[in-house]
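Worksheet: one structure, shown below.
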Amino acid sequence: MSMPDIITINHSSGSYCEVSQYGATVLSFYTAAEPTRNALFVSDKAALDGSKPIRGGIPLVFPVFGPAAGFPNHGFARTSTEWELKEINMHVGEGEDPSSAQFSLEANDVTRALWPHAFELVLELKLYANKLTTALHVHNKSDGEISFQALLHTYLSVDDVRDGGCQVEGLQGLEYHDKVTGTKQIEQRSAVTFDKETDSVYANAPTEVVVRLRGAQGGADRVVTIAKNAFLDQSTQPVEQKSDAVVWNPWTEKAKGMSDFGDDEYLRMVCVEPGRVSEFQQLAPGHVFTLQQTIHVAKL
Ligand code: BG6
832 MSMPDIITIN
842 HSSGSYCEVS
852 QYGATVLSFY
862 TAAEPTRNAL
872 FVSDKAALDG
882 SKPIRGGIPL
892 VFPVFGPAAG
902 FPNHGFARTS
912 TEWELKEINM
922 HVGEGEDPSS
932 AQFSLEANDV
942 TRALWPHAFE
952 LVLELKLYAN
962 KLTTALHVHN
972 KSDGEISFQA
982 LLHTYLSVDD
992 VRDGGCQVEG
1002 LQGLEYHDKV
1012 TGTKQIEQRS
1022 AVTFDKETDS
1032 VYANAPTEVV
1042 VRLRGAQGGA
1052 DRVVTIAKNA
1062 FLDQSTQPVE
1072 QKSDAVVWNP
1082 WTEKAKGMSD
1092 FGDDEYLRMV
1102 CVEPGRVSEF
1112 QQLAPGHVFT
1122 LQQTIHVAKL
C-alpha cells in the first residue's frame, strides 16, 4: 500500500496546514503566532498509511455518525481513498486574504455499495494567519431527496486536560445526549471541564464554542474559538440550518482500548465537533448543504 499524499497549504503570514489525501483529513494547523505547535491533536500512534481512520486532526464524518448498520463507524468519507485535490491557491504578499484548497469526493463503487446515491462532497479550506475555516459542502446529485448526518471531528491539542486545564464554554442551558450514561441532560455548567470519560451531543448548539486551554509548566494559555454554522445553498440565498456540537474525551479506560491511541494521550486532547447529528439532514435534489467551522487560535 503506498502512503497517501499529504498536501501542505502555506500562508504568507507563516501559518500552514497539512491535509492527508486519505479521507481529506486535515492533520495540522500551525498558526503564524505559534508556527512550531500544531493546534490540532494527532495521536503518536495514528495510522497515516490509509489502513484505518486517522486518529486526530479533522476527520470527516459522513453520511452517518457513530455506528450504523451497513456502514463503517462514522461513515465512509474519512476512509475514502478517492478524494481529489481540485484547487489550491497560496496567498503571497501582504494582506488578510486566505490561502485556500478544495478537495472533492464523488460517488463511486465503494460509496454506492454502502449508500446508493449520487453526491459530491467538497471540503473547502481557507487558511489565514491564526484562523482556519473548513467547510464540508454536500451536493445532492441524485434524483431524490437524500438524508444524512455530517460532522467535522475536530481534535484539539491540549497541554493537560485535567484540573480545569481545558474548559469548554458556550454550552450552558443546552440539552445534550450523554452517550456515556445513555441519558438526556441539561448542561448546567458555564464551562465544561474533564475528569472522566465525556461523550456528549449538544443539540442545536449556538454558533460559538470557546475552548480555554491552560499552558503546561508556565507555558502560554490559549483560547481556541470554534465558530460553526450550517446552511443550504450558499450561492443563492443561504438558509440557516440547525447544527450540533459533540464534546468527546475517551479518558483512561477507553484510551487503553484504542490501538491507535496512547494510554495517556487522553490528557493531550479534546474533541469539539460541529455537526448535524442529532437529526438527519434532508437535502432535496440539486441542492447543497454546508457545514462549516472556523477555528481561531489566540495565544495569551
Ligand atoms: C465521537 C463519538 O464523535 O467519536 C464517540 O461521539 C466516538 O462516541 C468517537 O467514540 C471516536 O470514534 P472513532 O470511530 O474515531 O473511534
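The opening residue of the sequence shown carries number 832 in the working numbering; numbering runs sequentially from there.
Note that the Cβ used here is the ideal one computed from N, Cα and C, for glycine as well.
Just to confirm, does residue i get its C-beta within under 6 Å of one of the non-hydrogen atoms of ligand 1?
i: residue 1079; result: yes
i: residue 1030; result: yes
i: residue 1008; result: no
i: residue 920; result: no
i: residue 1118; result: no
i: residue 970; result: no
i: residue 1060; result: no
i: residue 905; result: yes
What's the C-alpha gap between residue i and residue j?
i: residue 1016; j: residue 924; result: 50 Å
i: residue 919; j: residue 1120; result: 22 Å
i: residue 1076; j: residue 1033; result: 5 Å
i: residue 882; j: residue 910; result: 8 Å
i: residue 1066; j: residue 988; result: 34 Å
i: residue 868; j: residue 1116; result: 42 Å
i: residue 958; j: residue 1021; result: 30 Å
i: residue 1104; j: residue 1084; result: 22 Å
i: residue 922; j: residue 901; result: 42 Å
i: residue 1036; j: residue 847; result: 29 Å
i: residue 844; j: residue 1061; result: 29 Å
i: residue 872; j: residue 951; result: 28 Å
i: residue 1100; j: residue 985; result: 10 Å
i: residue 1029; j: residue 907; result: 24 Å
i: residue 1108; j: residue 875; result: 28 Å
i: residue 912; j: residue 1049; result: 42 Å
i: residue 917; j: residue 956; result: 12 Å
i: residue 943; j: residue 1097; result: 35 Å
i: residue 976; j: residue 1095; result: 44 Å
i: residue 990; j: residue 1070; result: 38 Å
i: residue 895; j: residue 1124; result: 19 Å
i: residue 1046; j: residue 885; result: 26 Å
i: residue 946; j: residue 926; result: 43 Å
i: residue 1000; j: residue 1055; result: 11 Å
i: residue 1009; j: residue 1018; result: 10 Å
i: residue 904; j: residue 1042; result: 27 Å
Contact defined as beta carbons within less than 8 Å: I believe residue i pairs with residue j. What is the distance between those atoms, to the nearest angstrom?
i: residue 893; j: residue 914; result: Rounded, the Cβ-Cβ distance is 12 Å, inconsistent with contact.
i: residue 965; j: residue 983; result: 6 Å
i: residue 981; j: residue 862; result: With a Cβ gap of about 26 Å, residue 981 and residue 862 do not count as contacting.
i: residue 1026; j: residue 1131; result: Rounded, the Cβ-Cβ distance is 24 Å, inconsistent with contact.
i: residue 1091; j: residue 949; result: That belief does not hold up - the Cβ atoms of residue 1091 and residue 949 are roughly 33 Å apart, past 8 Å.
i: residue 1074; j: residue 1002; result: Residue 1074 to residue 1002, Cβ: 13 Å. No contact.
i: residue 1102; j: residue 1044; result: With 8 Å as the limit, residue 1102 and residue 1044 do not qualify as a contact, their Cβ atoms being about 14 Å apart.
i: residue 889; j: residue 839; result: Incorrect: roughly 15 Å between the Cβ atoms, too far for contact.
i: residue 1031; j: residue 1078; result: 5 Å
Runs of alpha helix (DSSP H) lying entirely within the segment 934–963, each at least 4 residues, in chain order | Counting only unbroken stretches of 4 or more residues, the alpha helix (DSSP H) elements lying wholly within the segment 934–963 are 940–945, in sequence order.
Ignoring anything shorter than 4 residues or poking outside the segment 1078–1102, list the alpha helix (DSSP H) runs there in chain order.
-> You should have 1082–1088.
Enumerate, from N- to C-terminal direction, the unbroken beta strand (DSSP E) stretches of 3 or more residues contained entirely within the segment 836–862.
-> Counting whole runs of 3 or more residues, the segment 836–862 contains the beta strand (DSSP E) stretches 837–841, 847–851 and 856–861.
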